Each structure stands twice: as structure tokens, then as C-alpha cells.
Amino acid sequence: ATSSKNEAEAKRILIVSNRLPVKITRKGDDMQFQSSEGGLATGLGTIYQSGNNLWIGWPGAVLHQEEEASVTEKLEKLNLRPVFLTDEEITYYYEGFSNETLWPLFHYFPTYATYQPKDYDFYESVNKKFADAILAIAQKDDIIWIHDYQLLLVPNLIRQALPEVTIGYFNHIPFPSFELFRLIPWRKELLEGMLGADVIGFHTYDDVRHFISTVIRIKGALSYANELTYNDRIIAVDAFPISIDYKKYQSQAVDIATRCLERELLPVIPQGKHLLSIDRLDYSKGITQRLQAFEVFLERYPEWHGKMTLMQLVVPSRDTVPQYKELKEEINRRVSDINGKYGTLTWQPIQHFYRSFPLPLLSAMYKIADVALVSPMRDGMNLVCKEYVASRTDGDGVLILSEMAGASRELSDAILINPNDIWAFAQAIHEALSMPEEEQRRRMSAMQATVSRFDIHNWVANFMAKLSQMKKRQDDMRTR
Ligand code: ADQ
Numbered sequence: 397a398t399s400s401k402n403e404a405e406a407k408r409i410l411i412v413s414n415r416l417p418v419k420i421t422r423k424g425d426d427m428q429f430q431s432s433e434g435g436l437a438t439g440l441g442t443i444y445q446s447g448n449n450l451w452i453g454w455p456g457a458v459l460h461q462e463e464e465a466s467v468t469e470k471l472e473k474l475n476l477r478p479v480f481l482t483d484e485e486i487t488y489y490y491e492g493f494s495n496e497t498l499w500p501l502f503h504y505f506p507t508y509a510t511y512q513p514k515d516y517d518f519y520e521s522v523n524k525k526f527a528d529a530i531l532a533i534a535q536k537d538d539i540i541w542i543h544d545y546q547l548l549l550v551p552n553l554i555r556q557a558l559p560e561v562t563i564g565y566f567n568h569i570p571f572p573s574f575e576l577f578r579l580i581p582w583r584k585e586l587l588e589g590m591l592g593a594d595v596i597g598f599h600t601y602d603d604v605r606h607f608i609s610t611v612i613r614i615k616g617a618l619s620y621a622n623e624l625t626y627n628d629r630i631i632a633v634d635a636f637p638i639s640i641d642y643k644k645y646q647s648q649a650v651d652i653a654t655r656c657l658e659r660e661l662l663p664v665i666p667q668g669k670h671l672l673s674i675d676r677l678d679y680s681k682g683i684t685q686r687l688q689a690f691e692v693f694l695e696r697y698p699e700w701h702g703k704m705t706l707m708q709l710v711v712p713s714r715d716t717v718p719q720y721k722e723l724k725e726e727i728n729r730r731v732s733d734i735n736g737k738y739g740t741l742t743w744q745p746i747q748h749f750y751r752s753f754p755l756p757l758l759s760a761m762y763k764i765a766d767v768a769l770v771s772p773m774r775d776g777m778n779l780v781c782k783e784y785v786a787s788r789t790d791g792d793g794v795l796i797l798s799e800m801a802g803a804s805r806e807l808s809d810a811i812l813i814n815p816n817d818i819w820a821f822a823q824a825i826h827e828a829l830s831m832p833e834e835e836q837r838r839r840m841s842a843m844q845a846t847v848s849r850f851d852i853h854n855w856v857a858n859f860m861a862k863l864s865q866m867k868k869r870q871d872d873m874r875t876r
């Protein structure tokens with residue numbers, strides 16, 4: 397076992413995702429490198445930096461051709477390899493097919509999905525561009541780990557060129573039921589692309605189930621338990637619930653910078669209890685539904701007026717896509733309606749922020765919040781709730797969590813809600829604010845035990861173990 401472990405450790409891992417974990421921004425003639433937000437960047441940050449591992453992806457800015465060489469050189473020092481995209485590619489591949497076809501459909505918003513052949517053409521050509529970038533460096537002994545819905549065609553493109561290489565694919569968003577997936581005109585091509593992988597990972601067993609039944613119906617593949625047989629290859633399909641770097645959030649919570657912020661903030665922020673929500677701007681996150689529930693809560697529980705504040709952090713995202721622009725305006729309208737209707741000279745029910753917060757401030761907010769509200773309409777996993785749990789180093793605090801988040805499977809000690817049931821949601825807010833400390837501690841310690849045990853390192857190790865297990869079986873089959 398030890399020798400196979402060493403062997404696996406010696407293998408180079410190539411991580412591939414749409415975005416690199418850094419973002420390039422321009423300041424005059426100067427290029428600046430900034431680490432980017434988002435679940436994936438947070439999750440894999442600690443892995444690619446070790447050994448000979450590399451991360452391949454788009455650096456987040458459209459560059460002039462003459463700038464590419466110097467940027468490539470700088471990124472190489474950070475174990476990063478850029479794939480440069482043009483404005484046109486970003487428009488059709490990323491904003492178009494990825495975010496206006498796949499994202500809404502996979503999050504159960506089929507009416508938001510558009511099906512434009514031009515978007516798909518670009519999706520295909522950019523996926524080829526990624527595959528070429530990988531193939532320029534990949535060797536047959538590498539482990540290639542491809543991430544997320546922007547790159548569904550890449551696994552098979554690599555498989556065609558390097559039949560024996562190890563390929564993992566992980567889907568960070570939900571995988572929808574067959575009845576939704578079948579709506580896509582290019583459903584066969586997308587599945588074919590994914591099936592190039594040896595291991596296909598999702599956050600939950602429901603996603604696994606949906607994927608397997610989709611493959612059986614559209615591709616006629618055979619399945620046994622969680623394995624598919626397709627084109628004489630076996631492919632494992634399994635659930636790997638992603639998590640956070642628990643220790644990082646835990647130590648950030650007791651770090652001097654966080655403590656100082658807390659001490660400075662507490663006397664000057666609104667008094668009473670604090671509710672906290674943190675999301676990227678996205679219709680899947682249920683921000684407007686949450687505001688509706690909060691308004692019902694204010695109506696039904698006037699005893700809380702002046703005694704609590706909702707701190708709502710929204711991080712800007714995709715605001716060039718029309719739906720996101722509208723959503724932003726709707727959120728502004730609702731916040732101002734609620735504050736206008738219920739606020740007094742000395743109290744505002746909601747404090748709303750539309751920007752990114754640095755980690756120490758985020759951590760201080762997690763610590764200050766008596767209640768965290770995580771209420772997506774649909775979410776692959778959701779890391780905010782896990783970050784909240786890890787940051788509660790004093791052991792109290794209440795989590796209200798949507799059943800529609802992948803995280804609800806693990807965090808059953810949260811107050812679970814259906815975000816469409818705004819009456820029950822409003823009641824849950826009241827319950828959370830009134831929960832006795834003893835019960836808070838009991839639930840929080842159970843959630844902390846889960847999140848600390850199944851952290852991001854555990855996630856990576858599990859996925860990698862599955863990959864090498866599958867690889868071995870493939871090799872055995874080939875030599876038989
Ligand atoms: P996301 O949709 O980006 O990820 P999530 O998992 O909640 O959603 O991660 C968001 C990250 O952004 C968190 O680490 C959070 O701290 C950070 N963040 C949010 N608001 C912020 C703010 N105002 N300032 C600073 N940071 C902020 C996708 C899927 C998820 C899945 C992840 C990982 O949609 O379901 O959990 O990938 O697989």
C-alpha cells in the first residue's frame with residue numbers, strides 16, 4: 397500500500413478550470429495579480445502550489461497579444477499556466493453558453509436558459525483551446541483533474557489524444573434531472589465529453605443518480621451500482637461533498653486581526669442580535685426570496701423590531717448578464733422598501749453591502765453573527781455555511797440552511813428550510829433568534845465535528861484515491 401501511495405504522490409497533478417485562482421487587473425500600464433473569490437479558488441488554493449503540480453485556466457482579463465508573454469512568465473512562477481481568451485470567446489463561451497444555458501438549467505431555472513448555436517460553437521472551440529493547452533504539457537502519467545461545467549467537453553478531448561492518461565472531472569454545481577438535461581440541443585455531445593473521464597464527481601448522491609439515469613437514457617450506457625460501462629471503459633460516478641480548509645477559518649477566527657476588528661466593530665455597529673447573509677450575486681442564491689421572508693418575519697414578529705439587524709453581503713458577479721443586472725436592481729429596491737417601511741430614526745432592519753470583503757472582515761462578521769442565513773433556491777454545495785460553522789470558535793450561533801443546498805445533507809443540525817415556503821422561513825428566523833444557548837451549542841458542536849472531519853484535504857484525498865483506484869482497474873483490464 398505504501399509503495400502505491402508514494403507512486404500516486406509522485407504523479408503530477410494538472411488542475412484545469414475556467415478561471416485561474418488569480419485575477420489580473422490593469423492599473424495604467426501595470427498588471428496586478430489578485431487572488432480571486434469563489435468556491436473553487438478557495439477550495440483548491442492549497443493544492444496546486446505543491447510539487448510539480450500546475451493549474452491551467454483563464455487569468456480573468458482579456459490581454460493584448462504583446463502582453464501575453466510577460467504575463468505567462470509571471471504566472472509560471474506561481475505554478476499557473478494561462479489560457480488566453482478573447483472578448484468574443486468570453487461573450488459566447490462564458491457569458492453565453494456557460495452562464496445563460498448551463499448555469500440556469502443545472503440550477504433548475506429552465507425558463508432562464510437560452511439555446512444559441514453560436515454560443516455552443518464558441519463553447520466547443522474554447523473547450524478545444526483548453527484541451528490543446530493541456531495537451532501541450534500533459535504526459536501519459538499525469539493526473540488531469542478538470543473542474544466544472546464550463547469545460548464539459550474537455551475530458552473526452554484529452555481521452556482521444558491520450559487514451560491511457562488518468563482524468564478526473566468534478567462538477568461544482570448541481571446535476572439536474574434527466575427531464576431538464578434533455579432540453580439541451582447538445583445533450584449528447586456534452587455527455588460524450590464528460591464520459592472521457594475515469595471518475596466523474598458530484599457533491600451529492602442525488603446529482604450522481606441524475607447523471608447516471610441521464611447517461612443511461614441518452615447514451616444507452618450500462619450501469620452497475622455507481623459505475624458505468626461505456627466504450628469498453630469503466631467510469632466511476634460518485635459523490636464527493638466539497639468542503640473548506642477548516643483549520644484556516646478556525647484560526648482566522650481567533651487571529652489578532654479578526655479580534656481587533658471585532659473589538660472595533662461591536663461598539664459601533666447596530667446593537668442587538670445580528671443576522672448575516674453572504675452570497676455572490678446570483679438568482680440561484682435566493683436573495684430576493686430571503687428578503688421576502690425577512691419582510692414577513694418583520695410583519696409577524698414586531699417584538700424583534702429594533703432588536704436585530706440583517707447584515708447582507710452580496711459579492712458582485714456576472715453583472716454584465718441581463719438577469720444579474722435586473723436581480724441587482726430588484727435587491728436594491730426590496731432593501732430600500734423594507735428599510736423605508738420598518739426603519740426608525742435609530743434603527744434600520746437591513747444593512748446591505750455590494751462588494752467583496754477581505755478575509756479578516758468576513759471572519760469578524762461570521763463571529764459577530766448570532767444567526768447565518770444561507771437560503772439558496774439551488775446550490776451545488778455552498779461553502780458559506782461551512783465557513784460560518786468553522787468560524788464559531790465560541791461554540792454558539794445558529795445556522796438557517798436551505799434544503800436545496802448540497803450542504804444540507806451533511807449539516808442536518810441546522811434549521812433546515814424550503815426557501816419557497818416564506819412563512820416557514822419567517823418562523824425559522826424567529827426560532828433562530830430565540831434558540832436557547834444550550835441548544836445552539838449542541839447543534840453547533842455536531843456541525844463542527846462534521847465539517848472539521850470532512851474538510852477540503854479530505855475531499856482532495858478521497859477524489860484522488862478514487863482516481864488511482866479506477867486507474868489501476870483500467871490498467872488491469874487492459875493487460876488481461
Ligand atoms: P459559489 O457559487 O461561488 O461556488 P460558495 O460555495 O458559497 O458559492 O462559495 C462562495 C465563496 O465566496 C465563499 O468562500 C465566500 O466566503 C466567498 N464570498 C462570498 N461573498 C463574499 C464577500 N462579500 N466578500 C468576500 N468573499 C465572499 C460554486 C458552487 C457552490 C460550491 C462551490 C464549490 O455554486 O455550490 O459550493 O462552487 O464547489
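According to UniProt numbering, the residues represented by the sequence shown are 397 to 876, in order. Each residue gets a CB set at the ideal place from its N, CA and C atoms; glycine is no exception. Quick caveat: nothing in here was measured; it's all calculated off a predicted structure.
Short note on Ser752: C-beta closer than 7 Å to some heavy atom of the ligand ADQ. Counting every other CB atom within 10 Å of its CB across the protein chains shown gives Lys681 a total of 16 or more, marking it as buried.
The C-alpha of Ile486 is placed about 10 Å away from the C-alpha of Asp515. Counting C-beta atoms within 10 angstroms of its own C-beta, Val550 has 16 or more neighbours from the protein chains shown and is therefore classed as buried. For the set Ile542, Glu464, Ala649 and His543, the Cα lying nearest the Cα of Pro756 is the one of Ala649. Boundaries of the beta strand (DSSP E) around Gln428: Asp426 to Ser431. Boundaries of the alpha helix (DSSP H) around Ser521: Pro513 to Leu531.
At least 8 Å separates the beta-carbon of Gly592 from that of Ile638. Annotation: Val711 to Gly456 spans about 16 Å, alpha carbon to alpha carbon. For Ser771, no beta strand (DSSP E) segment is defined, and its DSSP state is neither H nor E. Selection Phe607, Lys644 and Asp602 evaluated against Phe577 yields Phe607 as nearest (Cα-Cα).
Under the Cβ criterion (8 Å, minimum of three pairs), the stretch 441-453 counts as touching the stretch 404-419. In this structure Tyr679 does not touch Leu741 by the C-beta definition: roughly 34 Å separates them, more than the 8 Å allowed. At a threshold of 7 Å, Asp775 counts as near the ligand ADQ, since its beta carbon sits closer than that to one of the ligand's heavy atoms. A straight line joining the alpha-carbon of Glu560 with that of Lys536 spans about 6 Å. The residue from Arg477, Ile569 and Leu677 with its alpha-carbon nearest to that of Lys721 is Leu677. Counting only the Cα atoms, Ser494 lies some 30 Å from Val731. The beta-carbon distance between Pro506 and Leu579, rounded to whole angstroms, is 6 Å. This is short enough to meet the 8 Å contact definition. Val794 places its beta carbon 8 Å or farther from that of Met843. Using a C-beta cut-off of 8 Å, the stretch 473-487 makes no contact with the stretch 691-702, since fewer than three inter-stretch Cβ pairs fall below that distance. The nearest non-hydrogen atom of the ligand ADQ is 7 Å or more from the C-beta of Asn854. Collapsing the DSSP output to three states places Val561 in coil. Close CB contacts of Val595 within its chain, under the 6 Å cut and outside five residues either way in sequence, are with Gly564, Ala632, Lys862, Leu863 and Met866 (chain order). Its chain contains no residue whose beta carbon lies nearer than 8 Å to that of Arg876 once the 5 sequence neighbours on both sides are disregarded. Among the bridge pairs identified by DSSP, Ile813 is matched with Ser798. Using a Cβ distance threshold of 8 Å, Ile554 and Leu587 do not count as a contacting pair.
Within 7 Å of the C-beta of Asp675 there is at least one heavy atom belonging to the ligand ADQ.
Between Tyr519 and the set Ile540, Tyr545 and Ala509, the nearest pair of CA atoms involves Tyr545.
Using a Cβ distance threshold of 8 Å, Asn475 and Asn449 count as a contacting pair. His568 has its Cβ nearer than 7 Å to a heavy atom of the ligand ADQ. Burial is judged here by how many other beta carbons sit within 10 angstroms of a residue's own beta carbon; Arg839 has at least 16 and is buried. Counting along the chain, Arg629 sits inside the beta strand (DSSP E) bounded by residues Arg629 to Ala635. Segment contact: the stretch 758-765 against the stretch 654-667, three or more CB-CB distances shorter than 8 Å; contact assigned. Remark: C-beta atoms of Trp743 and Pro666 approach each other more closely than 8 Å. For the stretch 449-479, the full-length alpha helix (DSSP H) segments reaching 4 residues or more read 461-472 along the chain.
Excluding five sequence positions before and after Leu459, the CB atoms of its chain that fall closer than 7 Å to its own CB belong to Val467 and Phe480, given in chain order.
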